[in-house]
Amino acid sequence: MSESETPKPAPASLVRPLLDAARTVIMTVDDDPGVSRAVARDLRRRYGASYRIVRAESGESALEALRELKLRGDLVAVILADYRMPQMNGIEFLEQALDVYPGARRVLLTAYADSNAAIDAINVVDLDHYLLKPWDPPEEKLYPVLDDLLEAWRCSDFRPMPSTKVVGHRWSARSSDVREFLARNQVPYRWYSTDEPEGQRLLAAAGEDGQRLPVVITADGRALVEPEVPELAAHVGLATTPTADFYDLVVIGGGPAGLGAAVYGASEGLRTVLVERSATGGQAGQSSRIENYLGFPDGVSGGQLTDRARRQATKFCAEILSAREVTGLESSGAARLVRFADGSQIAAHSVILATGVSYRKLEAPGADELSGRGVFYGSALTEAAACQGHDVYIVGGANSAGQAAMYLSRGAKSVTLLVRGADLTASMSHYLIQQIAESPNIFVRAHTVVEAAHGENQLEQLTLRDTTSGQAELVDAQWLFVFIGAAPLTDWLDGTVSRDERGFILAGPDLTADGRPPVGWELDRPPYHLETNIPGVFVAGDARAESAKRVASAVGEGAMAVMLVHRYLEQS
């Protein structure tokens, strides 16, 4: 901490209107009174005119202050907490503070010897930054960090807003889809069942009798009845309309490969737009915990990873469009045209196809009819709480199935993995197999398939068949999560982009396996490594033929595709 000359005031972009700023807090917590006063002094010198500086000398008193601020409706932008505090250390405090002010940016103050603890805290409390004490001068080591955090907070949905309300039936497939869409796009909402008095009151206020569900009541009081995804997205604040007609780069798909491409493309100066038909994150975004991604030794949820990547992309001014389905791609001279389902289009110098894959449908009688009513594709994290104390079945033997099993086993009575093969070793990572083996309420049934799903209004039973003996068994079941196969989302490219027999996109050397260029290729060079049969159109991630189907490789391919885009643009 420093007593140097008065620093410049906070940037104008961080200064809010007077009424707002007076009630916006930066909190600092340190059990050493001298250090606590010094930290608060440095903060007031820089931010005192725009923010209220609140200091506390213990985790308990800081939590009490946060709860009082919450009751008064005050906003908290940043919380700085010392790591070494008695009774409750900084990580433990920030973990509880997260429940009170989840949108506040979190900073851990550490000595050099505690840097490992700070790194661990990044995973435990989704830490935004850690600072080594002392910072001298603060103009170089403290203020730039806080300026960035305050700017990120200012641009986020930090305000306590009336949340979106969803009124539906517990076993309504469309209600389940809407909840999943809102959750994956990190739109806060509250769920009201039509069986509850409050749900009935909301339906009456909307002039509905409950025959058409769900009814979504937006934060501004508008009632949407059985809304389609584009309508829902537009009314809950997601960007759905491009701001320009022409870009340097269009990224189609918002999974790890697409988000990686958007981050690297925008950060390197390309006018970049990412188009996602549902929610960013792809299959990885639905994962409850990814433990083999570089830099996260304690694991990270797909939602956390997606949120960070999305914020990183927007930080570099990448445009992200949600709920926009792409139906066509064509060349027009040097431009590449991307057509949407509503008939509109955008153009760009280059395109990266990062459309990813979807889980294959379960081909068993009754499964389609009960989809969203006990049968779910993917992790359906919004349903996890309702599985408490129940028997859960999971179809699949790859990592996504294993991650879901570990997550659901925390509350479920039992979790049974149904695997067609002899065991899990063919397609699941070793670390997950070990965790499953050590979990007392997870069971693996090898050589087993779902023969049929039964139920009137919801899943009630499953017929399971042993593929070796042929013996069938009827079991009671309310929950079935399906993670089988990977169907590429590329049908819309039929006749345009070369694909293999399974629909995966061919690129680079796979297009020239016979030593000849692809049909219609007019350039005097072969396609670049991730380039398709259309010059300037690249592929990255799971949609590419023979891809690794791992988050890290998808992100890497997104970055590599951008490098090849630059090479293509330089030679065009």
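The sequence shown runs 67 to 638 under our numbering.
For each residue, glycine too, the CB sits at the ideal point set by N, CA and C.
Using a 10 Å radius around the Cβ and a threshold of 16 neighbouring Cβ atoms, would you call residue i buried or exposed?
{"i": "residue 44", "result": "Residue 44 is absent from the model: the chain starts at 67 and stops at 638."}
{"i": "residue 496", "result": "exposed"}
{"i": "residue 642", "result": "Because the chain spans 67 through 638 in this model, residue 642 falls outside it and cannot be assessed."}
{"i": "residue 644", "result": "Lying outside 67 to 638, the shown extent of the chain, residue 644 is not represented and no answer is given."}
{"i": "residue 369", "result": "buried"}
{"i": "residue 390", "result": "buried"}
{"i": "residue 210", "result": "exposed"}
{"i": "residue 360", "result": "exposed"}
{"i": "residue 468", "result": "buried"}
{"i": "residue 454", "result": "exposed"}
{"i": "residue 541", "result": "exposed"}
{"i": "residue 96", "result": "buried"}
{"i": "residue 376", "result": "buried"}
{"i": "residue 275", "result": "exposed"}
{"i": "residue 118", "result": "buried"}
{"i": "residue 539", "result": "exposed"}
{"i": "residue 421", "result": "buried"}
{"i": "residue 116", "result": "buried"}
Quick one: residues in its chain with C-beta nearer than 6 Å to the C-beta of residue i, no 5 flanking neighbours on either side, listed in chain order?
{"i": "residue 371", "result": "none"}
{"i": "residue 338", "result": "315, 328, 331, 332, 384"}
{"i": "residue 249", "result": "448"}
Quick one: Cα of residue i to Cα of residue j, how far?
{"i": "residue 25", "j": "residue 253", "result": "In the structure as shown, the chain begins at 67 and stops at 638. Residue 25 is therefore absent and cannot be evaluated."}
{"i": "residue 392", "j": "residue 295", "result": "14 Å"}
{"i": "residue 632", "j": "residue 572", "result": "20 Å"}
{"i": "residue 597", "j": "residue 604", "result": "4 Å"}
{"i": "residue 88", "j": "residue 234", "result": "Annotation note: pLDDT 46 at residue 88 (below 50); position unreliable, no value reported."}
{"i": "residue 323", "j": "residue 111", "result": "43 Å"}
{"i": "residue 279", "j": "residue 471", "result": "30 Å"}
{"i": "residue 271", "j": "residue 609", "result": "46 Å"}
{"i": "residue 382", "j": "residue 567", "result": "38 Å"}
{"i": "residue 170", "j": "residue 128", "result": "14 Å"}
{"i": "residue 309", "j": "residue 412", "result": "10 Å"}
{"i": "residue 423", "j": "residue 555", "result": "5 Å"}
{"i": "residue 396", "j": "residue 318", "result": "14 Å"}
{"i": "residue 625", "j": "residue 325", "result": "9 Å"}
{"i": "residue 678", "j": "residue 619", "result": "It is not possible to answer for residue 678, since the shown part of the chain is limited to 67 through 638."}
{"i": "residue 133", "j": "residue 219", "result": "20 Å"}
{"i": "residue 536", "j": "residue 352", "result": "34 Å"}
{"i": "residue 543", "j": "residue 456", "result": "8 Å"}
Under the DSSP definition of a beta bridge, which residues are partnered with residue i?
{"i": "residue 256", "result": "231"}
{"i": "residue 604", "result": "418, 597"}
{"i": "residue 141", "result": "90"}
{"i": "residue 509", "result": "482"}
{"i": "residue 460", "result": "483, 547"}
{"i": "residue 330", "result": "Residue 330 is not bridged to any residue."}
{"i": "residue 442", "result": "547"}
{"i": "residue 148", "result": "175"}
{"i": "residue 515", "result": "531"}
Among residues of its own chain, excluding the 5 on either side of residue i, which ones have a beta-carbon nearer than 7 Å to its beta-carbon?
{"i": "residue 227", "result": "Because residue 227 carries a pLDDT of 48, less than 50, the predicted location of this residue cannot be relied on, and the following value inherits that uncertainty. Correct list, in chain order: 285."}
{"i": "residue 243", "result": "438"}
{"i": "residue 464", "result": "493, 494, 549"}
In chain order, what residues of the same chain lie with their CB nearer than 8 Å to the CB of residue i, ignoring the 5 residues before and after it?
{"i": "residue 599", "result": "563, 564, 572, 577, 584, 585, 586, 587, 593"}
{"i": "residue 450", "result": "354, 473, 474, 477"}
{"i": "residue 120", "result": "91, 92, 93, 94, 131, 135"}
{"i": "residue 386", "result": "305, 320, 328, 339, 340, 342, 346, 376, 379, 380"}
{"i": "residue 239", "result": "437, 438, 439"}
Does the beta-carbon of residue i, which I'm using as the reference point, lie nearer than 7 Å to any heavy atom of the ligand FAD?
{"i": "residue 612", "result": "No copy of the ligand FAD occurs in the structure displayed, which carries no ligand at all."}
Start-end ranges of the beta strand (DSSP E) lying completely within the segment 521 to 588, minimum 3 residues
For the segment 521 to 588, whole beta strand (DSSP E) runs of length 3 or above, ordered along the chain, are 527 to 532, 538 to 542, 545 to 548.
Starting from the N-terminal side, write out each stretch of the beta strand (DSSP E) that is 3 residues or longer and does not extend beyond the segment 368 to 440.
385 to 387, 392 to 398, 401 to 406, 411 to 419
Can you list, in chain order, the stretches of the beta strand (DSSP E) that have 3 or more residues and sit fully within the segment 90 to 120?
90 to 95
May I have a chain-ordered list of the beta strand (DSSP E) segments no shorter than 3 residues that lie completely inside the segment 243 to 326?
255 to 259, 281 to 283, 289 to 291, 312 to 318
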